Amino acid sequence: MPLSNGRPHMALPGPSMMPDRVLQAMHRPAPDIYDLDLHDMVASLVPDLRRVARTDGHVAMYICNGHGAWEAALSNTVAPDETVLVPTTGAFGHGWAEMARGLGAEVEIVEHGRTTPIDPDRVCAALAADKGHRIKAVLAVHVDTSSSIRSDIAALRRVLDEVGHPALLMADCIASLGCDAFEMDAWGVDVMITGSQKGLMVPPGMAFVFFNDRAAEVRRAMPRVSRYWDWAARAEPEMFYQYFGGTAPTHHLYGLRAALDMIHEEGMEHVWARHARLARAIWAAGEAWGAEGPFRLNVADPAHRSHAVTAAALGAPDGDRLRAWCRDEAGLVLGIGLGVGDPEDPTNSGYFRFGHMGHVNAHGILGLIGTVETGLTVLDIPHGAGAMDAAVKALTAA
Ligand SMILES: *Cc1c(COP(=O)(O)O)cnc(C)c1O
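The C-terminal residue of the sequence shown carries number 398 in the UniProt record's numbering, and the numbering is unbroken.
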């Protein structure tokens with residue numbers, strides 16, 4: 001008999017769970033888009049978004065998903081035939097590179113596979129070899145959601161400075177913002193992008209491009225910028241209409257207002273610490289399951305694991321079997337394996353991911369661990385014992 005009725009737990013690495021407070025803020029009749037209260041509310045989002053990104057820089061808001069933010073960031077900074085350097089640690093780095101190719105840019109990939117973080121020395125070598133400064137930007141994914149690898153973005157700024165290379169440092173924080181610690185200004189990031197539907201706990205449909213004065217300078221020197229993606233008027237609108245280059249995404253904005261209130265009531269450091277602690281509980285459970293049988297966390301070194309998403313392998317087809325059991329029998333939705341590139345398992349049926357971004361707490365994560373343990377047991381998938389004990393220990397450790 002399925003035990004799945006009741007409130008489901010969505011452990012997808014995006015879209016993530018939406019707080020009732022966000023949903024309730026959105027549940028309202030169509031607002032008057034000429035109402036000054038709405039204009040004030042939208043203006044109030046800007047400083048609060050900056051506080052999440054830890055920047056005094058500019059922010060442009062878009063009606064689009066993360067793919068749109070990829071294109072927006074590139075459209076303002078990279079002209080056709082200019083070069084971008086992309087150190088990749090999974091499918092999303094390649095996705096951003098593809099987007100750059102689509103805009104006519106030359107793309108130089110520094111492939112890192114999918115189990116190790118970006119190696120600053122390899123990026124250093126690529127920059128040092130670029131004597132003519134053809135490279136206009138380094139596109140780095142902070143947390144590659146497919147592999148759950150977290151890379152050191154500040155190290156890339158140090159490398160750019162060491163080589164004396166003028167390329168912009170651009171970071172994809174779509175998975176990490178509001179989950180893993182990120183400091184745009186202190187880390188020397190010129191352009192940072194994120195979406196509404198992961199750490200920000202709002203439905204998919206909005207994205208944000210943060211940029212500093214250096215990047216604004218690069219934008220001004222561009223031969224042309226596609227009108228819709230142009231960040232200039234969006235970041236400094238003379239009238240309300242310009243924030244979104246058209247009609248505002250009214251309901252998302254109310255949801256975002258509520259989400260930012262929740263984030264800042266908790267405090268950024270607390271939000272980061274909560275994600276870190278909950279992630280450690282999942283890793284502790286994963287290491288216990290992996291002590292016997294096929295279960296493996298994708299990233300061996302905890303220092304390079306994201307606090308927002310955890311990729312795991314179970315062997316084909318047991319990743320799919322476990323996901324189906326958790327969803328259909330227990331009300332827990334796990335993420336699919338993505339971009340693994342395993343030639344023996346073209347559909348990634350041996351892989352899956354835990355999303356633990358945004359609206360997550362101890363009882364939800366303990367429920368997730370207990371549910372996966374039950375699934376492994378029911379499905380007769382060999383696994384080590386003591387996962388729950390290990391998770392409890394991780395949550396109660398000083
Ligand atoms: C989710 C995600 C994207 C893509 O965002 P969409 O909203 O699905 O277009 C890009 N990069 C990273 C790191 C992501 O996690």
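Built from N, CA and C at the ideal position, the CB exists for glycine as well.
Note that the structure is a prediction, hence the values are computed from the model and not measured.
May I have the straight-line CA-CA distance separating threonine 89 from methionine 170, to the nearest angstrom? 15 Å
Arginine 227 - containing beta strand (DSSP E), residue span: Neither: arginine 227 is in no beta strand (DSSP E) and is coded neither H nor E.
Proximity winner among Met357, Ile381 and Pro237, relative to glutamate 292 (alpha-carbon distances): Ile381
Is valine 309 near methionine 357, with beta carbons less than 8 Å apart? yes
Within 8 Å, strictly: CB atoms of proline 78 and phenylalanine 210: Here residue 78 is valine; the residue named in the question, proline, does not match the sequence. Taking 8 Å as the Cβ cut-off, valine 78 and phenylalanine 210 do not qualify as a contacting pair.
Given 8 Å, three or more beta-carbon pairs between the segment 192-203 and the segment 160-177: yes
So what does DSSP say about methionine 99, is it helix, strand or coil? helix
Is the distance from the Cβ of alanine 181 to the Cβ of valine 143 below 8 Å? no
Can we count threonine 89 as close to ligand 3, meaning its CB is less than 7 Å from some heavy atom? Among the ligands modelled here, namely ligand 1, ligand 3 does not occur.
Roughly how many whole angstroms lie between the Cα atoms of glycine 319 and phenylalanine 295? 9 Å
Close beta carbons around threonine 250, own chain, < 8 Å, minus the five adjacent residues each side: Ala30, Pro31, Ile33 and Leu38
Out of His383, Phe240 and Cys179, state which residue places its alpha-carbon closest to the alpha-carbon of glycine 36. A quick correction: the sequence has leucine, not glycine, at residue 36. Checking every option, the nearest Cα to that of leucine 36 belongs to Phe240.
Would the C-beta of phenylalanine 92 count as close to ligand 1, meaning under 7 Å from any of its heavy atoms? yes
Quick one: what's got a C-beta closer than 6 Å to leucine 103's C-beta in the same chain, skipping five residues either side? Leu74
Threonine 377: buried (16+ other C-beta within 10 angstroms of its C-beta) or exposed? exposed
Within the present structure, is the beta-carbon of glutamine 197 separated from the nearest heavy atom of ligand 1 by less than 7 Å? yes
Within 10 angstroms of its Cβ, does glutamine 197 collect 16 or more other Cβ (buried), or is it exposed? buried
Does the Cβ of glycine 14 lie closer than 7 Å to at least one heavy atom of ligand 1? yes
Do histidine 133 and serine 166 come within 8 Å of each other at the CB atom, strictly closer than that value? A small correction: the amino acid at residue 166 is proline; serine does not occupy that position in the sequence shown. Taking 8 Å as the Cβ cut-off, proline 166 and histidine 133 qualify as a contacting pair.
Where does phenylalanine 240 sit, in a helix, a strand or coil, going by DSSP? helix
At a threshold of 7 Å, does histidine 304 count as lining ligand 1 (C-beta to nearest heavy atom)? no
Output the distance between the C-alpha atoms of methionine 99 and alanine 53, rounded to the nearest integer angstrom. 23 Å
What separation, rounded to the nearest whole angstrom, lies between the Cα atoms of valine 107 and glycine 6? 48 Å
Any chance you could list the beta strand (DSSP E) runs of at least 3 consecutive residues sitting entirely within the segment 79-140, in chain order? 83-88 and 106-111
Could you tell me how far apart the beta carbons of glutamate 71 and tryptophan 231 are, in whole angstroms, since I believe they sit closer than 8 Å? Contact doesn't hold; Cβ gap of about 12 Å is too wide.
Quick check on DSSP: helix, strand or coil for leucine 366? helix
Is the Cβ-Cβ distance between arginine 353 and alanine 288 less than 8 Å? no
Rounded to whole angstroms, what's the CA-CA distance from proline 204 to alanine 137? Just pull it up for me. 27 Å
What's the gap between the Cα of arginine 157 and the Cα of leucine 139? 12 Å
Between the segment 332-339 and the segment 387-394, do at least 3 Cβ pairs fall closer than 8 Å? no
Which same chain residues end up closer than 6 Å to alanine 276 when comparing Cβ atoms and leaving out the 5 residues on each side of it in sequence? His307
Please check the pair proline 87 and histidine 112, which I expect to be a contact at CB under 8 Å, by giving their CB distance rounded to whole angstroms. 6 Å
Using a Cβ distance threshold of 8 Å, determine whether the segment 9-25 contacts the segment 252-264, with at least three qualifying pairs required. yes
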